[in-house]
Amino acid sequence: MTNKEFFIERWNRDAKGTLKAVNGLPAEMEKLDYKPDAKSRSAIQILQHILPHAKHMMESLETGVFDEKDGNFSSVAEAAQYYEKSSNDFIEKLSTVDEDAWNNKNIDFHVNGRKAFNGTVGNICWTILFDTVHHRGQLSTYYRSMGVRNPAIYGPTAEDIEEMMAAAANNN
Numbered sequence: 083m084t085n086k087e088f089f090i091e092r093w094n095r096d097a098k099g100t101l102k103a104v105n106g107l108p109a110e111m112e113k114l115d116y117k118p119d120a121k122s123r124s125a126i127q128i129l130q131h132i133l134p135h136a137k138h139m140m141e142s143l144e145t146g147v148f149d150e151k152d153g154n155f156s157s158v159a160e161a162a163q164y165y166e167k168s169s170n171d172f173i174e175k176l177s178t179v180d181e182d183a184w185n186n187k188n189i190d191f192h193v194n195g196r197k198a199f200n201g202t203v204g205n206i207c208w209t210i211l212f213d214t215v216h217h218r219g220q221l222s223t224y225y226r227s228m229g230v231r232n233p234a235i236y237g238p239t240a241e242d243i244e245e246m247m248a249a250a251a252n253n254n
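Just add 82 to the spot in the sequence shown (first one is 1) and you have my numbering.
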């Protein structure tokens, strides 16, 4: 398995986790203004930051520039649909990239219209995946405070374990 193939496998698996994270959010958009600290991003700001990553990666494969820009979503359902489509489109496009481009083609990474750094396609792809996982982890600490159940992103949640234990006790 090549590094690119491994990346695609990991992206696809983590995209499912990201969709669970988005779909687990409260439907009331005003609840997404929650943030645990003044320096933290709100839940909606995290979504606006990470969900466009796939679209920006896809565009960078053609332009050679990853242009970091926040998205704007009017509902959780819209955000989930946007991410699912852009993630699938990105992987479809990335699948056509040859190993030489993966390992050697440089992409300039821009933030607020200014070049921050550059790296190979592979390096930028991994950076974006890790950034998504990092911010999704932040988001995972917000659910209970927003009044909803944590989604099971990597495994059972506390609520899942409690339900399994109760079911086991009822079966005895």
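Where a beta carbon is used, it is the ideal one built from N, C-alpha and C, also for glycine. Bear in mind that the values here come from a model prediction, so they are computed numbers and not experimental data.
What's the call for residue i, buried or exposed, on a 16-neighbour Cβ count within 10 Å?
i: residue 243; result: exposed
i: residue 100; result: buried
i: residue 134; result: buried
i: residue 214; result: buried
i: residue 125; result: buried
i: residue 83; result: exposed
In terms of residue numbering, what span does the beta strand (DSSP E) encompassing residue i cover?
i: residue 190; result: 188-193
Could you tell me which residues DSSP puts in a beta bridge with residue i?
i: residue 196; result: 193
i: residue 202; result: 188
Hey, how far is the Cα of residue i from the Cα of residue j?
i: residue 210; j: residue 245; result: 35 angstroms
i: residue 119; j: residue 237; result: 27 angstroms
i: residue 167; j: residue 253; result: 42 angstroms
i: residue 112; j: residue 157; result: 10 angstroms
i: residue 174; j: residue 150; result: 21 angstroms
i: residue 205; j: residue 218; result: 20 angstroms
i: residue 138; j: residue 226; result: 31 angstroms
i: residue 194; j: residue 87; result: 31 angstroms
i: residue 249; j: residue 234; result: 18 angstroms
Skipping 5 residues on each side, what residues in its chain have a beta carbon closer than 7 angstroms to that of residue i?
i: residue 169; result: 97, 136
Leaving out five residues on either side along the sequence, give the residues of the same chain with a beta carbon under 6 angstroms from the beta carbon of residue i.
i: residue 190; result: 147, 197, 200
i: residue 187; result: 203
So the alpha helix (DSSP H) residue i belongs to, where does it begin and stop?
i: residue 147; result: No alpha helix (DSSP H) contains residue 147, which is instead part of the beta strand (DSSP E) from 147-150.
i: residue 85; result: 85-105
i: residue 172; result: 158-176
Spatial neighbours of residue i within its chain, please: C-beta separation below 8 angstroms, excluding the five flanking residues on both sides.
i: residue 162; result: 101, 104, 105
i: residue 181; result: 84, 86
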